[in-house]
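Just so you know, we're using the working numbering here: the sequence shown kicks off at 116 and counts up by one.
Report on one structure; see the data block that follows.
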Amino acid sequence: MRTRNILWPTDFSDTASHALRYAIEMANLYNVGIRILNVVDQPLGDENYMVLAITPEELAKTMEDAAARQMHELLAQLKTDLKVETVIRRGDAVTEILAEANSDEIGMVVIASHGRTGLAHFLHDNVAEEVANKAKCPVLVVK
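In C-alpha cells form, the structure reads like this:
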C-alpha cells in the first residue's frame, strides 16, 4: 500500500468532494499519487423503442465529454504537488471501480458514502459498500 496510488472514485458530488480531502491526506502521508476515477453509465436502449433522437452510443459519448469537462474543472481547483492521474470509464460503477482497485497500481481506495438509510438504501445501489466488501486493498469510506 505504501508504494501504490490512492484511488478516489468520484461522481462529482459534494459528498465525493469531501472524500477527496481524505484521499489527498492519505497520498501525502504515504507519498504516493492519486488516481481519480469517474464512471459513466452505459446507456441502454433498443432502437425500436427509442424516444431520443440520438443513439445510446452518442449519449454515452456526450456523457463522457461532460465528465471530462468536470474532471478538467476539478483539476484546475486542485492545488497539490502530488502526481494526479484521471480516468474516465464507461460501464457499471461497482465493476469499474473494482477493476481499478484490484489492479497492481492501487494501494487504497478512498470513496464517499452517500449515507442513504431506510428505503433509499434498498432502492439505490450502495457503491461504497460493495467496493468495501469486494476490493482486495484497504478501503476508506468517508461519510
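All residues carry an ideal CB built from backbone N, CA and C; glycine is no exception.
Item, Value
"From Ala138, Thr130, Asp129, Asp126, residue whose alpha carbon lies closest to that of leucine 255", "Ala138"
"Rounded separation between alanine 227 and proline 124 - CA only", "8 angstroms"
"Where the alpha helix (DSSP H) through valine 155 begins and ends", "No alpha helix (DSSP H) holds valine 155; the beta strand (DSSP E) holding it covers 149-155."
"Beta-carbon separation (whole angstroms), valine 209 vs arginine 150, contact threshold 8 angstroms", "In fact, because the Cβ distance is near 17 angstroms, the residues do not count as touching under 8 angstroms."
"Per-residue DSSP class, three states only, for leucine 238", "With a pLDDT of 45 at leucine 238, under the threshold of 50, the modelled position of that residue is not reliable, and no figure is offered here."
"Reduced DSSP secondary structure (H/G/I, E/B, other) of leucine 197", "coil"
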